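Heads up: the structure comes next, in structure tokens.
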Amino acid sequence: MPLTKLECDRATCAPSKPYTRLADGLGMYLEVTAAGGKYWRMKYRHAGKEKRLALGVYPDVTLAEARKRRDKARDALATGEDPGQLKREAKLKRALMDATTFEAVARQWWAHWKGPRSPRHADYVIRRLEADVFPAIGARPVASITAPQLLAMAKGIEARGALDIAKRSLQTCGQIMRYAVAHGVIERNPAADVRPSDALKPRQKENYARLDAKDVPELLRKIEAYQGSPYTRLAMKLMALTFVRTGELIGARWSEFDLEAAEWRIPAERMKMRTPHIVPLAPQAVEVLQALQTVSGGRALLFPGERDHERPMSNNTILAALKRMGYAGRMTGHGFRGLASTILHEQGYPHHVIELQLAHQERDQVAAAYNHATYLKERRAMMNDWAKHLDSMRKGAEVITLRNRQA
Numbered sequence: 001m002p003l004t005k006l007e008c009d010r011a012t013c014a015p016s017k018p019y020t021r022l023a024d025g026l027g028m029y030l031e032v033t034a035a036g037g038k039y040w041r042m043k044y045r046h047a048g049k050e051k052r053l054a055l056g057v058y059p060d061v062t063l064a065e066a067r068k069r070r071d072k073a074r075d076a077l078a079t080g081e082d083p084g085q086l087k088r089e090a091k092l093k094r095a096l097m098d099a100t101t102f103e104a105v106a107r108q109w110w111a112h113w114k115g116p117r118s119p120r121h122a123d124y125v126i127r128r129l130e131a132d133v134f135p136a137i138g139a140r141p142v143a144s145i146t147a148p149q150l151l152a153m154a155k156g157i158e159a160r161g162a163l164d165i166a167k168r169s170l171q172t173c174g175q176i177m178r179y180a181v182a183h184g185v186i187e188r189n190p191a192a193d194v195r196p197s198d199a200l201k202p203r204q205k206e207n208y209a210r211l212d213a214k215d216v217p218e219l220l221r222k223i224e225a226y227q228g229s230p231y232t233r234l235a236m237k238l239m240a241l242t243f244v245r246t247g248e249l250i251g252a253r254w255s256e257f258d259l260e261a262a263e264w265r266i267p268a269e270r271m272k273m274r275t276p277h278i279v280p281l282a283p284q285a286v287e288v289l290q291a292l293q294t295v296s297g298g299r300a301l302l303f304p305g306e307r308d309h310e311r312p313m314s315n316n317t318i319l320a321a322l323k324r325m326g327y328a329g330r331m332t333g334h335g336f337r338g339l340a341s342t343i344l345h346e347q348g349y350p351h352h353v354i355e356l357q358l359a360h361q362e363r364d365q366v367a368a369a370y371n372h373a374t375y376l377k378e379r380r381a382m383m384n385d386w387a388k389h390l391d392s393m394r395k396g397a398e399v400i401t402l403r404n405r406q407a
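The numbering of the sequence shown is UniProt numbering, which starts it at 1 and goes up by one.
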């Protein structure tokens, strides 16, 4: 007969015996020791051998719960598995989870993730983890980390005013947790329960300072007469002619350029959208590059740093030069992109051609992979006209009207 709760409560063992067993059915019984302990056990056979499985301690594990555990073990037996072995494996996995810290998993993820990324970006990500994330949750077992703990970490970064870093750190933690799930270290991703937009202050859209079009001629003349580093002067000239992002410019390598074809092909790992990008080079841009070749000394980078020629110049180099020329708060390197977009739109170039050249393509990876060469003929004509337009403004001549190319 199946046991009742009352029988379990009243069960005792005679002092003369080491234990007494009360059967509940289907192999399960309650083992009562002379010392008063009560233990759920299940007797079963697997691979021709009789075995026993511990189901828990009574009354912590109730009669109903013990039966559920027995039934689960029988289900495993029905599929040919040994419930005892499954229990040992689960215990080992829990111990491994408890011993695996978030930092250990994060470093494994980073080693895997950094492969296709630029060394500069990969280095930035690991330094951000070391500075902001590991001090907060790095020593915790990764399996114990909860959504509120991730949020508290991000809130700590947000509190010092680093809104963008807080958001990116939370997103990076989500990637690390997905990696842990994929490798069987944890069963679910706690970061999936936290959206940055639900937990953190909205980041104010950054409006990069840029001049009005009427002030551009003077800027171009000041760049031409710049007395600082020739690298910086040529970087500003090339920035104006190509209107790429600052990071894409300063990280440029000579291997990306074909001066005969007048093309600059930026690889996907250096682009914000992670897709390759073609920059048609106007004759004026080729002249700048030829001038750079005379001062580069055969180095791999177009714009090497002053102290370490294996690393690009600082992101702030162009901004500092503009400040020295009197444009503090009025113009940035990124501002050249805004100027080009505004003027080209005003002059009638099709929006999609301009957007493609600005590399504002959609995030769909398949479509974007093809788009990098789309409308290349129209983009080349636009870039040539843009260079002539800059020349006219710099010289103070009558500004030419860019051709309205419908595409």
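Ideal Cβ positions, reconstructed from N, Cα and C, are used throughout, including at glycine.
Here the structure is a predicted model, which means the values were calculated and not measured.
Quick check on DSSP: helix, strand or coil for residue i?
i: R270; result: helix
i: H183; result: coil
i: R265; result: strand
i: F134; result: helix
i: E31; result: strand
i: G326; result: coil
i: T4; result: coil
i: P280; result: strand
i: T146; result: coil
i: P116; result: coil
i: L301; result: strand
i: P15; result: coil
i: P350; result: coil
i: G335; result: helix
i: A225; result: coil
i: R380; result: helix
With DSSP as the reference, identify every bridge partner of residue i, one or two as the case may be.
i: E50; result: R45
i: G56; result: W40
i: D258; result: E263
i: R21; result: E31
i: R253; result: L301
i: T101; result: P141
i: P312; result: P304
Quick one: is residue i buried, meaning 16 or more other Cβ sit within 10 Å of its Cβ, or exposed?
i: V181; result: exposed
i: D71; result: exposed
i: K38; result: buried
i: T12; result: exposed
i: A64; result: exposed
i: G80; result: exposed
i: V57; result: exposed
i: G251; result: buried
Report the residue from the options whose alpha carbon sits nearest the alpha carbon of residue i.
i: S255; options: A225, L234, L289, A282; result: L289
i: A320; options: V61, A162, T246; result: T246
i: S169; options: L292, G138, R265, R120; result: G138
i: T317; options: Q284, S197, L344, M236; result: M236
Quiz item: Would you say the stretch 256-274 touches the stretch 226-237, given that touching needs at least three Cβ pairs under 8 Å?
Solution: no
Quiz item: Per the contact definition of three or more C-beta pairs closer than 8 Å, is the stretch 336-353 in contact with the stretch 233-244?
Solution: yes
Exercise. Evaluate contact between the stretch 372-391 and the stretch 340-359, counting only Cβ atoms and requiring at least three cross-stretch pairs below 8 Å.
Key: yes
Quiz item: Are at least three pairs of beta-carbons, each pair with one atom in the stretch 295-307 and one in the stretch 383-393, less than 8 Å apart?
Solution: no
Self-check item: Inter-stretch contact at 8 Å, needing at least 3 Cβ pairs: the stretch 133-147 / the stretch 98-109
Solution: yes
Quiz prompt | Touch test, the stretch 212-229 against the stretch 269-277, Cβ-Cβ under 8 Å, three pairs minimum | solution = no
Quiz item: Per the contact definition of three or more C-beta pairs closer than 8 Å, is the stretch 29-43 in contact with the stretch 52-69?
Solution: yes
Exercise. Count the CB pairs spanning the stretch 83-90 and the stretch 118-131 that are closer than 8 Å, and state whether there are at least three.
Key: no
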